[in-house]
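Numbering follows our numbering, with no gaps: position 176 of the sequence shown is 212.
Just so you know, even glycine gets a beta-carbon here, dropped at the ideal spot from N, CA and C.
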Amino acid sequence: MKSKLEYIWLDGYQPTQSLRSKTMVREDFGGSLEECPMWSFDGSSTQQASGNDSDCLLRPVAIYPDPARTNAYLVMTEVLNADNSPHASNGRATIDDDDNDFWFGFEQEYFLWDIETDLPAGFPRGGYPGPQGPYYCSVGANNAHGREVVEDHLDLCLEAGINVEGINAEVAAGQWEFQVFAKGAKQAGDETWIARYLLERTAEDYNLAINWEPKPLGKELDWNGSGMHANFSNGIMREAGDESVFTRICDSFGKNIARHISVYGADNDQRLTGQHETQSIDFFSYGISDRGASIRIPVATVQDGWKGRLEDRRTASNADPYKVAAAIIKSTKEALAS
Numbered sequence: 037m038k039s040k041l042e043y044i045w046l047d048g049y050q051p052t053q054s055l056r057s058k059t060m061v062r063e064d065f066g067g068s069l070e071e072c073p074m075w076s077f078d079g080s081s082t083q084q085a086s087g088n089d090s091d092c093l094l095r096p097v098a099i100y101p102d103p104a105r106t107n108a109y110l111v112m113t114e115v116l117n118a119d120n121s122p123h124a125s126n127g128r129a130t131i132d133d134d135d136n137d138f139w140f141g142f143e144q145e146y147f148l149w150d151i152e153t154d155l156p157a158g159f160p161r162g163g164y165p166g167p168q169g170p171y172y173c174s175v176g177a178n179n180a181h182g183r184e185v186v187e188d189h190l191d192l193c194l195e196a197g198i199n200v201e202g203i204n205a206e207v208a209a210g211q212w213e214f215q216v217f218a219k220g221a222k223q224a225g226d227e228t229w230i231a232r233y234l235l236e237r238t239a240e241d242y243n244l245a246i247n248w249e250p251k252p253l254g255k256e257l258d259w260n261g262s263g264m265h266a267n268f269s270n271g272i273m274r275e276a277g278d279e280s281v282f283t284r285i286c287d288s289f290g291k292n293i294a295r296h297i298s299v300y301g302a303d304n305d306q307r308l309t310g311q312h313e314t315q316s317i318d319f320f321s322y323g324i325s326d327r328g329a330s331i332r333i334p335v336a337t338v339q340d341g342w343k344g345r346l347e348d349r350r351t352a353s354n355a356d357p358y359k360v361a362a363a364i365i366k367s368t369k370e371a372l373a374s
């Protein structure tokens, strides 16, 4: 029997990378990652190589059943140079600690985008829907736009084995969110990217696009932007029961604003304005249950005796979860080593 292996990777476009994929057909494939061979592609067509030295390599790193096609698999890969060294575009390679001590939960927001009107789903031509308020976690055709895409996407993710823990309609019309959780930074990144890929492909069936921009409707308009709030913990945070552990971590993040903002997504200054549940990109703050802070300390963490997680709310919807996790791990370790 022949199987289809969809090799998925991130291209070299800047400042925001896009997903790419191509299909390999294999005979008598058993479904394991070890059976997936290295493959190559034309890097000169993806901003990852020049035409006179164009071959880049795809190294398989994770595999999932493809629920939308028969005898098919989704193969997440990372891009290598011809000498097997990590390509400059390879964010996964920036993670230097992946022992599963760090757990990540990414809250991925996005807009369903009507390619005919060039507006979010639910926006009328030449105007705007009613103001924000009724859309968050809404029901009904007046407020919930594109639910069929979102439900199909959730089913596909669950069938593929992606650990999506929930979905909801977000604050703006046509805006939605899904949440991915994993124990381990690389797995969290792999599953978030595969979930993004499945969302893009699912939306094709409805002639819709996915807009990952953090503020697609403009900084000046009274509409929420899209983030990818990064929830994280490690063993110390989950077990210590010590408020000072959390304040040390938050203080460390405050001392390394540039490290984080540099990988938290392009055009994030349009979203991090100090309004619409954000802190200004130029400032840093943290607080219990504070959705206007850079880092929110969930009330559950406090109620559990200062055991649990933190939520970095600055991360934009178009950020690379691999690079986000790498920065969070580094700042957290620095805090706990001091």
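| Asked | Found |
| --- | --- |
| At which residues does the alpha helix (DSSP H) containing G66 begin and terminate? | Where G66 is concerned, there is no enclosing alpha helix (DSSP H), given that its DSSP letter is neither H nor E. |
| Can you tell me whether DSSP reads Q306 as helix, strand or coil? | helix |
| Let's test the definition: count the other Cβ atoms within 10 Å of the Cβ of A336 and tell me whether it reaches 16, buried, or not, exposed. | exposed |
| Using 8 Å as the cut-off, can you tell me whether the segment 353-364 makes contact with the segment 252-268, which would need three or more C-beta pairs spanning the two stretches below that distance? | yes |
| Please classify A362: does DSSP put it in a helix, a strand, or coil? | helix |
| Using the beta-carbon count (16 or more within 10 Å), is V207 buried or exposed? | buried |
| In chain order, what are the residue ranges of uninterrupted alpha helix (DSSP H) at least 4 long that sit wholly in the segment 249-277? | 271-275 |
| Among the residues of its own chain, which have a CB less than 7 Å from the CB of C72, if the five just before and after it don't count? | L41, P96, I99 and V111 |
| For the alpha helix (DSSP H) holding E279, just list the boundary residues, first then last. | E279 to K291 |
| Hey, is the segment 41-61 in contact with the segment 232-239, meaning 3+ C-beta pairs nearer than 8 Å? | yes |
| In this structure, what does DSSP give as the bridge partners for L235? | L235 is not bridged to any residue. |
| Put W229 into one of helix, strand or coil per three-state DSSP. | helix |
| Whole angstroms are fine: how far does the CA of G66 sit from the CA of M37? | 10 Å |
| Would you say R284 and A371 are within 7 Å of each other, going by their C-beta atoms? | yes |
| Taking all protein chains shown into account, decide if A294 is buried (16 or more other Cβ within 10 angstroms of its Cβ) or exposed. | exposed |
| Of all the options L346, A129 and G141, which has the alpha carbon lying nearest to the alpha carbon of V216? | G141 |
| State the DSSP-derived secondary structure class of S80, mapped to helix, strand or coil. | helix |
| Look at the Cβ atom of H181, then the Cβ atom of A224, and state whether they are nearer than 7 Å. | no |
| For a minimum of 4 consecutive residues, which ranges assigned as the alpha helix (DSSP H) are wholly contained in the segment 154-220? | 183-196 |
| Identify the residues that DSSP records as bridge partners of L116: which are they? | L93 and P122 |
| Going by the beta-carbon positions, is the gap between V115 and C92 smaller than 7 Å? | yes |
| Run the CB neighbour count on C193, radius 10 Å, all protein chains shown included, and call it buried at 16 or more, exposed below. | buried |
| Can you have a look at T385 and say buried or exposed, based on whether 16 or more other CB atoms are within 10 angstroms of its CB? | Any property of residue 385 remains undetermined from this structure, which presents the chain solely from 37 to 374. |
| Using alpha carbons as the reference points, say which of S86, Y109 and G328 lies closest to A196. | Y109 |
| So, for D278: in the same chain, excluding its five sequence neighbours on each side, which residues have a beta-carbon less than 7 Å away from its beta-carbon? | W342 |
| Comparing alpha-carbon positions, which option in F320, G301 and D303 lies nearest G310? | F320 |
| How is the beta strand (DSSP E) around Q144 delimited, first residue to last? | W139 to D150 |
| Compute the Euclidean distance between the alpha carbons of N179 and Q168, then round it to the nearest angstrom. | 10 Å |
| Might you give, ordered along the chain, the residues of its own chain that have their beta carbon closer than 8 Å to the beta carbon of D133, omitting 5 neighbours on each side? | A221, I365 and K369 |
| Can you list, in chain order, the residues of its chain whose CB lies under 8 Å from that of P103, leaving out five sequence neighbours each side? | D191, L192, E195 and A196 |
| Just to confirm before moving on: does the CB-CB distance between V175 and W212 stay below 7 Å? | no |
| Pull up the distance between the alpha-carbon of G344 and that of G79, whole angstroms please. | 42 Å |
| Between the alpha carbons of I317 and D137, how many angstroms are there, rounded? | 29 Å |
| How should K291 be labelled, buried or exposed, when 16 other C-beta atoms within 10 angstroms of its C-beta is the threshold for buried? | exposed |
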